[in-house]
């Protein structure tokens, strides 16, 4: 199993390398002049020269990439053009608040979605199951920012002014104002849950129809044991992959949600950076999002391998 | 539901199971799946419940545990286990009776054992001695563990901790079925329902498992209901036989009586369909001199670096059928796949009509591929469900022989030779029964007029009576001059269809010769063991008037033309 994990890890790093190439080529080495694109109307010859020097634009592309990558390893991501701060220092607190937001969403969404899916499977073809199917289909079809706007309309305006519509704190301590986190987390939960629910339902139905579940019932085991010992562990394997994809999606989906709620995270930072043509920040954030996606999928692979006794035992 | 009180249950305290007027219906359609079944089994005895797929025997077996599959329901009748009624109880009471009063041994232990749980968990939970529900290792007390070890010893499995820690996938098929047997007997039930428990096993393993089942039911004084479509196995094992047909028990009686003098025509049909172990063999074509159609010399094949076949020499002549007999893992399918070019990692010589065949079918000419056709084991998977029979038959024909001038004629001729009505050309596979699907597979293979037909266990997924029809069809093809390479694990089939047999064991041919000679005078110890382990239908059947009709099968022992 260690070998399989190392193999997956290697593929993960390879993917990350390819992503870094794409990000770099798309932002900095594009035909045209990145310095001119960044400066826009303020471009004076002196400032252009200075910026070209700063971005190493005078070097060959391979050397530019090498310098950029080498900087990544020591967390030297360059200097933010917009606010003259080192990118790492600028993004640091924003990364932690975004991770907090995503982690909260993941911690809330995963068990709830799995439980709803399992319940739906147990109530297969009854009213509760049909209702769940309807709701998950609808929420899956509505884009996440629309869900967010709807939540704001219902819970933050009008008669029910339960939660603030936009985030008012600083990025230093987002967890200290929990009531401000409710709506962004709820939006993310609603956005990531439907596929997990549907997959869990399908997987659980398949397992409940299996002969080993029938055999467990014929052994006279209590229904609780049948479901929690015999059915659920076998149903969760295929769902782990979907959970991973969804949590990986969170890393990118968080951008729109942060923008909507003015939440001070990497998503906001990315939006600001795009407005300001702040290429070093854009590079860092996109690479970060890709890295999170890859790490989450790697974790899911490991969970999937560990959940399968055939793999776990045979490769000891 | 149980308005007839078990008033007569006192008349025999040895009665373990009493079923009275049991009816199960399918729910949306209200069709009776089984209707008005009445049965009785005494302690220490085994009732053989025989019938084909769809006859309702599994539905009956499950209802003996008060279990109904989705969308079915028990609507009438009574079941009592040692005098205690089973139906009309609460879910909890039924649950308490399962495992203690009645236990179930499934058809396929590979899918009935939970892949994610260790044997120890699965065996000890069957005792339901769990005091603390919710506790992960509920009931795993030393007393329970002692019982687990005891019952494992009784089914001849290891009882050490290392074995108990294993997962099902770490056992062989025979071991898995023994675990399932142990799991059923662990709670000392009054009745055990066995649903074709040896279907997936090869004969040697089957013989051991059947022996274990018989010994355990005697030792425990447990009654058994043994569900099977295989008359030969039931004849070997059961004290009583009940024959099911379309949801009814059409015949019931002591095993010897039913076998010797079947009352119902369906029973007689089932019996006639069982291939006998020793027959005169199929008519032998005279040994023509000259070259064989297929000639294999010194074939070796590997999977990765593991050798699966060694030093294989085989000849097949026109109009001759050579059987490749072996158990799972003996390499018989690899050999047939090598001949047809599906498995190309082999060395050695494969000559077809004097020409060497390339190992991979991609490198063979269309003409070579046309002349060697292959029929797969499972007709449920070998036909594309989205194509009509007509297209299924024409696809390989067009690919190998070119666009026919009259496609309808090609389809009709192929269907006719496979004994199917021409109207079937417009059907989809799902509109056909298993036997009809296999006939379509055969029609597809013979449409291109091949010289050699390779049949890979083509009857193993089919009921016995259907199997007999397919065998008959193959014999007719053979009489028309077709050469057959017939792969099977069923030794009884060999003597019914083949002239020559090659016995494969662990990748080598241990015995090769005429069927009559090999069957009556096996040289190799492995062949002798195979013959000894096959349930010999003839022994329990020799007094039957049907015996003679079987001995001389209704086949034109065609004097070959010219």
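Protein chains in written order, with this note's numbering: chain A, 3 to 318; chain B, 9 to 570.
Beta carbons are placed, not taken as given, at the ideal position from N, Cα and C, and that holds for glycine.
Values in this document were obtained by computation on a predicted structure and should not be read as measured data.
Could you spell out where the beta strand (DSSP E) holding residue i opens and where it closes?
| i | result |
| --- | --- |
| residue 305 of chain B | 302-311 |
| residue 331 of chain B | 329-333 |
| residue 508 of chain B | 508-513 |
| residue 67 of chain B | Unbroken run through residue 67 of chain B is the alpha helix (DSSP H), 65-71; no beta strand (DSSP E). |
| residue 24 of chain B | 23-34 |
| residue 519 of chain B | 516-522 |
| residue 76 of chain A | Where residue 76 of chain A is concerned, there is no enclosing beta strand (DSSP E), given that its DSSP letter is neither H nor E. |
So, under 8 Å CB-CB, residue i and residue j are touching, yes? Tell me the CB distance rounded to an integer number of Å.
| i | j | result |
| --- | --- | --- |
| residue 263 of chain B | residue 249 of chain B | 5 Å |
| residue 331 of chain B | residue 502 of chain B | 4 Å |
| residue 442 of chain B | residue 470 of chain B | 5 Å |
| residue 42 of chain B | residue 64 of chain B | 4 Å |
| residue 535 of chain B | residue 518 of chain B | 7 Å |
| residue 252 of chain A | residue 190 of chain A | 6 Å |
| residue 113 of chain B | residue 57 of chain B | About 13 Å separates the two Cβ atoms, so there is no contact after all. |
| residue 453 of chain B | residue 370 of chain B | Not confirmed; about 19 Å, so no contact. |
| residue 35 of chain B | residue 81 of chain B | 6 Å |
| residue 270 of chain B | residue 379 of chain B | The pair is not a contact, with the Cβ atoms about 44 Å apart (cut-off 8 Å). |
Give the residues of chain A in contact with residue i, contact being defined as C-beta atoms less than 7 Å apart.
| i | result |
| --- | --- |
| residue 73 of chain B | 220 |
| residue 36 of chain B | Near residue 36 of chain B there are no residues of chain A at all, since even the closest Cβ is about 12 Å away, more than 7 Å. |
| residue 81 of chain B | The contacting residues do not exist; residue 81 of chain B stays about 15 Å from chain A at best. |
On the DSSP bridge list, what partners appear for residue i?
| i | result |
| --- | --- |
| residue 111 of chain B | B:200 |
| residue 424 of chain B | DSSP, once it has assigned bridges, lists no residue as partnering residue 424 of chain B. |
| residue 364 of chain B | B:359 |
| residue 5 of chain B | Since the first residue shown for chain B is 9 and the last is 570, residue 5 of chain B is missing from the structure and cannot be characterised. |
| residue 464 of chain B | B:495 |
Run through chain B and tell me which residues come within less than 8 Å of residue i, C-beta to C-beta.
| i | result |
| --- | --- |
| residue 295 of chain A | Within 8 Å Cβ-Cβ: nothing; residue 295 of chain A doesn't reach chain B, min ~29 Å. |
| residue 311 of chain A | 123, 124, 175, 177 |
| residue 1 of chain A | Because chain A is modelled from 3 through 318, residue 1 of chain A falls outside the range shown and cannot be assessed. |
| residue 243 of chain A | Result: empty, since nearest Cβ-Cβ is about 17 Å, beyond 8 Å. |
At 9 Å on the CB atoms, spell out the chain A contacts of residue i, in chain order.
| i | result |
| --- | --- |
| residue 107 of chain B | 220, 221, 222, 223 |
| residue 4 of chain B | Because residue 4 of chain B is not part of the residues shown, which for chain B are 9 to 570, the question remains open. |
| residue 112 of chain B | 216, 217, 220, 221 |
From residue i to residue j, what does the alpha carbon distance come to, in whole angstroms?
| i | j | result |
| --- | --- | --- |
| residue 23 of chain B | residue 198 of chain B | 9 Å |
| residue 227 of chain A | residue 127 of chain B | 16 Å |
| residue 125 of chain B | residue 308 of chain A | 13 Å |
| residue 314 of chain B | residue 367 of chain B | 18 Å |
| residue 214 of chain B | residue 182 of chain B | 8 Å |
| residue 287 of chain A | residue 272 of chain A | 6 Å |
| residue 115 of chain B | residue 187 of chain B | 13 Å |
| residue 146 of chain B | residue 108 of chain B | Low local confidence applies: a pLDDT of 47 at residue 146 of chain B is under 50, so the model's placement there is unreliable, with the coordinate-based value given in what follows. Approximately 18 Å, taken between the alpha carbons. |
| residue 74 of chain B | residue 217 of chain A | 13 Å |
| residue 485 of chain B | residue 426 of chain B | 9 Å |
| residue 103 of chain B | residue 225 of chain A | 9 Å |
| residue 140 of chain B | residue 115 of chain A | No answer about residue 140 of chain B holds up, because its pLDDT of 41 lies below 50 and its placement is not dependable. |
| residue 273 of chain B | residue 173 of chain B | 51 Å |
| residue 395 of chain B | residue 198 of chain A | 35 Å |
| residue 260 of chain A | residue 167 of chain A | 12 Å |
| residue 17 of chain A | residue 24 of chain A | 11 Å |
| residue 26 of chain B | residue 320 of chain B | 55 Å |
| residue 539 of chain B | residue 467 of chain B | 19 Å |
| residue 548 of chain B | residue 279 of chain B | Residue confidence is low: residue 548 of chain B scores 48 on pLDDT, short of 50, so the model does not pin down where it sits. Its coordinate-derived value is still stated next. Distance between the alpha carbons of residue 548 of chain B and residue 279 of chain B is about 12 Å. |
| residue 38 of chain A | residue 46 of chain A | 9 Å |
| residue 260 of chain B | residue 266 of chain B | 7 Å |
| residue 255 of chain B | residue 479 of chain B | 27 Å |
| residue 148 of chain A | residue 154 of chain A | 10 Å |
Could you list which residues in chain B have their beta carbon closer than 7 Å to that of residue i, in chain order?
| i | result |
| --- | --- |
| residue 235 of chain A | 124 |
Tell me the residue span of the alpha helix (DSSP H) that contains residue i.
| i | result |
| --- | --- |
| residue 456 of chain B | No alpha helix (DSSP H) contains residue 456 of chain B, which DSSP labels as neither H nor E. |
| residue 344 of chain B | 340-348 |
| residue 135 of chain A | 129-143 |
| residue 50 of chain B | It is not in any alpha helix (DSSP H) - residue 50 of chain B instead sits in the beta strand (DSSP E) that spans 40-50. |
| residue 540 of chain B | 533-541 |
| residue 169 of chain A | Neither: residue 169 of chain A is in no alpha helix (DSSP H) and is coded neither H nor E. |
| residue 234 of chain B | Unbroken run through residue 234 of chain B is the beta strand (DSSP E), 231-236; no alpha helix (DSSP H). |
| residue 388 of chain B | 387-390 |
Would you mind telling me which residues of chain A sit closer than 8 Å to residue i, beta carbon to beta carbon, in chain order?
| i | result |
| --- | --- |
| residue 116 of chain B | 213 |
Is the closest heavy atom of the ligand MN to the C-beta of residue i under 8 Å?
| i | result |
| --- | --- |
| residue 257 of chain A | This structure simply doesn't include the ligand MN, nor any ligand for that matter. |
Starting from the beta carbon of residue i, find every residue of chain B whose beta carbon is closer than 9 Å, and list them in chain order.
| i | result |
| --- | --- |
| residue 288 of chain A | The contacting residues do not exist; residue 288 of chain A stays about 39 Å from chain B at best. |
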